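Same order as they appear, the protein sequences are chains A and B. Position one of the first sequence corresponds to residue 104 (the working numbering), numbered consecutively onward. Position one of the second sequence corresponds to residue 104 (the working numbering), numbered consecutively onward. Heads up, the beta-carbon is just placed ideally off N, CA and C, and yes, glycines get one too. These numbers were taken from a predicted model, which means no experiment stands behind them.
Number of protein chains: 2
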Amino acid sequence: MYLFYAPDLNTADCFLNEEESRHCIKVLRLQKEDVIEVIDGKGNFYHAKITAPDPKKTRFVVLQTQQEFGKRNHYLHIAVAPTKNIERLEWFIEKATEIGIDEITPILCQRSERKIINHERLNKVITPAVKQSLKAYHPQLNPLTNLSSLLKDQTQAQKWIAHCNDGEKVSIKEVLIPQKKYLVLIGPEGDFSPPEINTALENGFQTITLGNSRLRTETAALEACFEVNFLNRL
Amino acid sequence: MYLFYAPDLNTADCFLNEEESRHCIKVLRLQKEDVIEVIDGKGNFYHAKITAPDPKKTRFVVLQTQQEFGKRNHYLHIAVAPTKNIERLEWFIEKATEIGIDEITPILCQRSERKIINHERLNKVITPAVKQSLKAYHPQLNPLTNLSSLLKDQTQAQKWIAHCNDGEKVSIKEVLIPQKKYLVLIGPEGDFSPPEINTALENGFQTITLGNSRLRTETAALEACFEVNFLNRL
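Okay, here's the thing in structure tokens:
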């Protein structure tokens, strides 16, 4: 199966962008009449046929469409402080995409060591993972955002914060209501500050534990992603 | 907290090896009388004090010992085909160590693309992850092993194989008996061959599903690791 990503697909005039066209024609050497599969990142999975191979703009026609392909029964948003070593965040983004996530927000916290990210580069990690894991939905990667704006989130999600301070903690297993929206906050290497934690609790976040191990930022984020997906699996 | 690893510790004559001594003295600049924590990888967690700082062989005395520190209630052995890109296997080893694993065996399968590994290099991934996640047990990394010898495993573990072929599959959630031994087989990029799968089934392995996503080798192995730990968490 040859799977391509066409995020702005208009079914009346279908073509692959330059990057996907080059891969299709120069690397895979596909030709006119060859069958391909195309996803638009918005839930559509197209069975299609190449009509005009071109390494800059390959045209195709859709033979069959599956809507809401592999639609998940919940909505997971993880907000995570970018790691000092950005490869660790990239790894999280790749793995979360494979396992299942809808929205990722890199957050800027009081103790963040990394205060800038290359959004385009991080976003480029997602597409191959979407294709690899045969997903028709492309997770949304938000720009670097101040934690404070997320603390006031009013999306009616179940809202959780993971930190290493003392205090009452619940496991996701105990509190998750299946098939809902969830927002999870994961702090930087130096953890959330006490004022950040207090503001979160005042705004309806619950403190969660992710088990007994002391986990790195990106591992904690992935553990939360895994738990939410696992608990929503029927 | 300054945590060091001393795998062959004899409490009558305690010292750090050259690598750990250098880190202790040259990097952290610890001195005589400074307090350190030491793990031996076999479950002992020592509270200790430096008696003779030396960048080649730092001596210390044990003040207090906790045995079976963080002992887990089950035994997880994952056998996984090394990935073509070895960094992916290294990531798995690091993350599995943080989350919780006892034994890792790189396996050689009929369709393995990578037929050699650098055991020492892979083993070097484990120790920092053990220290990072505050574990007193050091997972065992076995040499590259022919799959056939594992297929005849008789350790009384619950034995599972993950493959992409058709056929009846169970989820770990449905079949896991808590607090047991588990052996999970994860194949190479090209999957296990039908004869390998048949031999596994004949030898008491059950085929498991790890969800609806098509996962990369290292993600599948980590998903299995997550699930077994999660289901054994009280």
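Residue nearest to residue i in terms of C-alpha spacing, selected from the options
i	options	result
Thr302 (chain A)	A:Ala260, A:Asn147, A:Ile264 and A:Val165	A:Ile264
Glu201 (chain A)	B:Thr320, B:Ser236, B:Ala232 and B:Arg336	B:Thr320
Ile281 (chain B)	B:Gly293, B:Asp143 and B:His177	Here the sequence assigns Pro to residue 281 (chain B), which means Ile is not the residue at that position. Closest by alpha carbon: B:His177.
Ala260 (chain B)	B:Gln309, B:Arg317, B:Leu119 and B:Val130	B:Gln309
Phe118 (chain B)	B:Lys129, B:Ala155 and B:Gln134	B:Ala155
Gln170 (chain B)	B:Val141, B:His180 and B:Arg191	B:Val141
Leu133 (chain A)	A:Thr161, A:Arg214, A:Gly293 and A:Glu292	A:Thr161
Glu223 (chain B)	B:Gln235, B:Ser236 and B:Leu247	B:Leu247
His150 (chain B)	B:Lys129, B:Glu136 and B:Gln257	B:Glu136
Leu288 (chain B)	B:Asp256, B:Tyr105, B:Val228 and B:Asp157	B:Asp256
Leu304 (chain A)	A:Lys272, A:Phe333 and A:Ala324	A:Lys272
Phe107 (chain A)	A:Phe295, A:Asn113 and A:Ser124	A:Ser124
Phe333 (chain B)	A:Thr114, A:Gly314, A:Arg336 and A:Asn332	A:Gly314
Ala232 (chain B)	A:Asp294, A:Ser316 and A:Asn306	A:Ser316
Lys283 (chain B)	B:Leu179, B:Asp157 and B:Asp111	B:Leu179
Ala323 (chain A)	A:Ala239, A:Lys174 and A:Asp294	A:Asp294
Asn268 (chain A)	A:Gly290, A:Ala239, A:Lys276 and A:Glu121	A:Gly290
Glu121 (chain A)	A:Asp157, A:Ala115 and A:Thr114	A:Asp157
Ser296 (chain A)	A:Thr168, A:Arg214, A:Asn306 and A:Asp116	A:Arg214
Ala239 (chain B)	B:Leu318, B:Ile210, B:Ile128 and B:Thr168	B:Thr168
Lys159 (chain B)	B:Ile189, B:Cys127, B:Lys174 and B:Arg175	B:Cys127
Leu211 (chain B)	B:Ala109, B:Glu277 and B:Ser252	B:Ser252
Ile189 (chain A)	A:Tyr105, A:Asn306, A:Pro209 and A:Leu318	A:Pro209
Asn113 (chain A)	A:Asp143, A:Met104 and A:Tyr105	A:Asp143
Gly307 (chain B)	B:Leu318, B:Lys276 and B:Thr258	B:Thr258
Contacts of residue i in chain B (Cβ-Cβ under 8 Å)
i	result
Phe118 (chain A)	Within chain B, no residue comes near Phe118 (chain A); the closest Cβ sits about 26 Å away, beyond 8 Å.
Glu206 (chain A)	Here the premise fails: no neighbours, minimum Cβ distance about 17 Å.
Partners in chain B for residue i, counting only beta-carbon separations shorter than 7 Å
i	result
Leu179 (chain A)	Chain B residues near Leu179 (chain A): none, gap ~13 Å exceeds 7 Å.
Lys198 (chain A)	Thr322
Partner residues on chain A for residue i, Cβ-Cβ distance less than 7 Å
i	result
Trp263 (chain B)	Per Cβ cutoff of 7 Å: no residues; Trp263 (chain B) is ~16 Å from chain A at best.
Leu318 (chain B)	Glu201 and Ser236
Cβ neighbour criterion (16 or more within 10 Å) applied to residue i
i	result
Ile139 (chain A)	buried
Ala199 (chain A)	buried
Asn147 (chain B)	buried
Val130 (chain A)	exposed
Ser236 (chain A)	buried
Leu254 (chain B)	buried
Leu225 (chain B)	buried
Asp111 (chain B)	exposed
Ala115 (chain B)	exposed
Asn335 (chain B)	buried
Lys234 (chain A)	buried
Residue i beta carbon near the ligand PLP (any heavy atom closer than 7 Å)
i	result
Glu305 (chain A)	Within the structure as shown, the ligand PLP is missing, as the structure has no ligands at all.
Whole-number beta carbon distance between residue j and residue i, since they are thought to touch under 8 Å
i	j	result
Ser274 (chain B)	Thr312 (chain B)	6 Å
Lys152 (chain A)	Leu166 (chain A)	6 Å
Glu326 (chain A)	Phe329 (chain B)	7 Å
Val331 (chain A)	Leu279 (chain A)	7 Å
Leu337 (chain B)	Glu299 (chain B)	Not a contact, Cβ separation roughly 35 Å.
Residue i: contacting residues in chain A (beta-carbon distance under 9 Å)
i	result
Phe172 (chain B)	Going along chain A, no residue has its Cβ under 9 Å from Phe172 (chain B), so there is no contact; the nearest lies around 11 Å.
Gly314 (chain B)	Ile202, Gly203, Asn332, Phe333 and Arg336
Under 8 Å from the C-beta of residue i: neighbouring residues of chain A
i	result
Arg162 (chain B)	In chain order: nothing, as chain A lies at least about 28 Å away.
Glu326 (chain B)	Ile202 and Phe329
Subject >> Inter-stretch contact (C-beta, 8 Å, three-pair minimum) for the stretch 233-252 of chain A and the stretch 186-205 of chain A >> reply: yes
Original post:
Is it a yes or a no for the stretch 261-280 of chain B touching the stretch 185-201 of chain B, going by three-plus beta-carbon pairs under 8 Å?
Top reply: no
Original post:
Given 8 Å as the limit, is there contact between the stretch 182-192 of chain A and the stretch 213-220 of chain A, that is, 3 or more CB pairs closer than that?
Top reply: yes
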